[in-house]
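Student: Protein chains in written order, with our numbering: chain A, 1 to 266; chain B, 267 to 624.
Glycine included, every Cβ here is placed at the ideal spot set by N, Cα and C.
1. Does DSSP put residue 152 (chain A) in a helix, in a strand, or in coil?
2. By DSSP, does residue 490 (chain B) sit in helix, in strand, or in coil?
3. Which residues in the same chain as residue 552 (chain B) place their Cβ atom closer than 8 Å to its Cβ, once the five residues preceding and following it in sequence are excluded?
4. Can you pull the DSSP bridge partners for residue 88 (chain A)?
5. For residue 362 (chain B), count the other beta carbons within 10 Å of its own beta carbon; 16 or more makes it buried, fewer makes it exposed. Which is it?
6. Pull up the CB-CB distance for residue 21 (chain A) and residue 29 (chain A), whole angstroms please, since I reckon it's below 8 Å.
7. Among residues of its own chain, excluding the 5 on either side of residue 661 (chain B), which ones have a beta-carbon nearer than 6 Å to its beta-carbon?
8. If contact is defined by three or more beta carbon pairs under 8 Å, each pair taking one atom from either stretch, is the segment 122–136 of chain A in contact with the segment 504–515 of chain B?
9. State buried or exposed for residue 113 (chain A), treating a residue as buried only when at least 16 other CB atoms are found within 10 Å of its CB.
10. Below 9 Å between beta carbons: does that hold for residue 7 (chain A) and residue 84 (chain A)?
11. Measure from the C-beta of residue 374 (chain B) to each C-beta in chain A and report whether the shortest distance is under 9 Å.
12. Taking all protein chains shown into account, do 16 or more other C-beta atoms lie within 10 angstroms of the C-beta of residue 290 (chain B), making it buried, or fewer, making it exposed?
13. Please report the Cβ distance between residue 96 (chain A) and residue 152 (chain A), rounded to the nearest whole angstrom; I am assuming they are in contact, meaning their Cβ atoms lie under 8 Å.
14. Are the CB atoms of residue 470 (chain B) and residue 391 (chain B) nearer to each other than 9 Å?
15. Only counting the same chain, and skipping five residues up and downstream in sequence, which positions put a Cβ closer than 6 Å to that of residue 44 (chain A)?
16. With a threshold of 9 Å between beta carbons, is residue 606 (chain B) in contact with chain A?
17. Can you tell me the Cα-Cα spacing of residue 505 (chain B) and residue 419 (chain B), whole angstroms?
18. Taking the alpha carbon of residue 38 (chain A) as the point to measure from, which residue in A:65, A:59, A:237, A:260 has its own alpha carbon closest?
19. Please report whether the beta-carbon of residue 1 (chain A) lies at a distance below 9 Å from any beta-carbon of chain B.
20. Does the distance from the CB of residue 500 (chain B) to the CB of residue 345 (chain B) come in under 9 Å?
21. Which residue spans inside the segment 59–107 of chain A form an unbroken alpha helix (DSSP H) run of at least 4?
22. What is the residue span of the alpha helix (DSSP H) that residue 199 (chain A) lies within?
23. Given that residue 192 (chain A) touches chain B, what residues does it touch there, using C-beta distances under 7 Å?
24. Expressed to the nearest angstrom, what Euclidean distance is found between the alpha-carbon atoms of residue 196 (chain A) and residue 189 (chain A)?
25. Could you tell me which residues DSSP puts in a beta bridge with residue 13 (chain A)?
26. What residues from chain B crowd round residue 171 (chain A), counting only those whose CB sits closer than 8 Å?
27. Once DSSP output is grouped into helix, strand and coil, what is the label at residue 531 (chain B)?
28. Which residue wins for smallest C-alpha separation from residue 542 (chain B), given the options B:593, B:528, B:374?
29. Excluding sequence positions up to five away, which residues of its chain have a Cβ less than 6 Å from the Cβ of residue 158 (chain A)?
30. In the DSSP assignment, find the unbroken alpha helix (DSSP H) run with residue 143 (chain A) in it and report its ends.
31. Count the CB pairs spanning the segment 71–86 of chain A and the segment 129–142 of chain A that are closer than 8 Å, and state whether there are at least three.
32. I'd like the list of long-range same chain contacts for residue 455 (chain B), defined as Cβ closer than 6 Å, with 5 residues on each side in sequence excluded.
33. Would you verify that the beta carbon of residue 38 (chain A) is, or is not, closer than 9 Å to some beta carbon of chain B?
34. Please classify residue 425 (chain B): does DSSP put it in a helix, a strand, or coil?
35. Less than 9 Å between the beta carbons of residue 322 (chain B) and residue 313 (chain B), yes or no?
36. Which residues of the segment 498–509 of chain B have a Cβ closer than 9 Å to any Cβ of chain A? Give them in chain order.
Given below as structure tokens:
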């Protein structure tokens, strides 16, 4: 294993027609850290995520993961490289139980082919048992025991968010991408999420790259923060450094002149 | 009410989850085994058809109910299986070999039809498979040297290694064995990684992909298995009908098959067989009801289509989970008596709702 950064984005640029969604963004994610992308709406944070999970193709630039370029890897191979993700607007398998969702998360570790699946050979049975054992570890880690056999469609939003996190963990990732883990959660659920993210980092040793708006959560769990605005990098550093960066304050709150002009207009 | 106390993971993996399952399915199996001795020849023939359509239904259920891909040309696969069987049986091939070939051929045709499924979804895939159905029907009609064209072709009796299924009873047992085999195979598939990948694709392609599921491979696979089961059903159908002509595999038949899985209950293995029971018994019920209706309605042509249409609309509106959903509610009513509430299934959502057609 090399000692370089886990994930490197080099001059990433994406254009959708005339719109430049991401413009020459570069950053490194170090092994074992929690790295957060922040920025106002439309800053290009989720686009960066979709670039890493290969849903979008960058117009320019490249992504290097553990020393290998990701830009040529097909989307379904990403998971087996050890990158798992959650989605901003929860993308669970709605008409399946929580347990089934997590079992699907183990897909990349499947040990059997279609023919042995059709006959459900003893090898498939043994593999299923092992899969189940691994999934139960995740269920226990995230306290989902009560919801194990519930259909996802019937679960409250907060629990679904945890189920999605659990499904990502079931893949046994090395790098976890969390797209707004706290959106739609209440204060208590958000603080649970913060604990889990810290546990994921410390106990499971998984590197976390997340997009997040809740600054309390961000400053609590992040090692480093990257602020983006309109597809460009504004600032990079510790949560405190980034929060006091003038450019970041400007992007979120506007400049003094803006306020002055608003006052004079009123 | 039954509470199963689980102590091992195997209890979740097993097909029969508890003693009740073993008892009731055992009883059903005994009844099916004893059927030839108990029911008249006519009802045995109906039962045979239910088993045959059940096998086809399993295939379509896997595709439409578990992978979320709709095929409005499924009768074409049935036809490929039927004609293959007819031709090979005519050449004297033993049944196990010919039915396997019929399944394999239907599966390879399924793989070709699966190609558009990699690009189009929902209603557009429906149109693509519909067009495919027309093409295959046309091939059956034009390829006279093999299929006998519109004049049709006679199917010889099912035979293997010197044994001939020349009575209704013996053919019934062949169908029963195949239906049980097909059910077990589908159940095995659904409790293994492959079946879970299908369900994942049905519910969210984007996250299925991010979980490492190769969409193209699994969609094609689903089409192939589905077509293979339709092919097996077609082979049995050929022997049962004994005479094949292209118009048996037209769009109406395809729609009947789709109707069968929707009314049976998309996303349930039971639904395939419940739908088959519906499909086979409905014409009889309509025939019975015909005499009770006033002549202008009762004797009108197309009465069956109207009734089917109404039943389908009724199910889509009021019971999206089909006959199997109805059965679940009935069972809940009995197990919870007297505590069943009307709103208990309020949160059920059928994935057939319009958002599937995006």
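Tutor: The structure says:
1. helix
2. helix
3. 569, 570, 573
4. Beta-bridge pairing links residue 88 (chain A) to no other residue.
5. exposed
6. With a Cβ gap of about 20 Å, residue 21 (chain A) and residue 29 (chain A) do not count as contacting.
7. Nothing can be reported for residue 661 (chain B), as the shown portion of chain B is limited to 267 through 624.
8. no
9. exposed
10. no
11. no
12. exposed
13. 6 Å
14. no
15. 21, 22, 228, 231
16. no
17. 12 Å
18. A:237
19. Confidence is the limiting factor: at residue 1 (chain A) the pLDDT is only 49, short of 50, which leaves the residue's position unreliable, though a coordinate-based value still follows. Cβ-Cβ to chain B under 9 Å: no for residue 1 (chain A).
20. yes
21. 98–105
22. 187–202
23. Those do not exist, as residue 192 (chain A) stays about 22 Å from chain B at its closest Cβ, beyond 7 Å.
24. 10 Å
25. A:60
26. 477, 478
27. coil
28. B:528
29. 185, 189
30. Run containing residue 143 (chain A): none; DSSP gives neither H nor E here.
31. no
32. 461
33. no
34. strand
35. no
36. none
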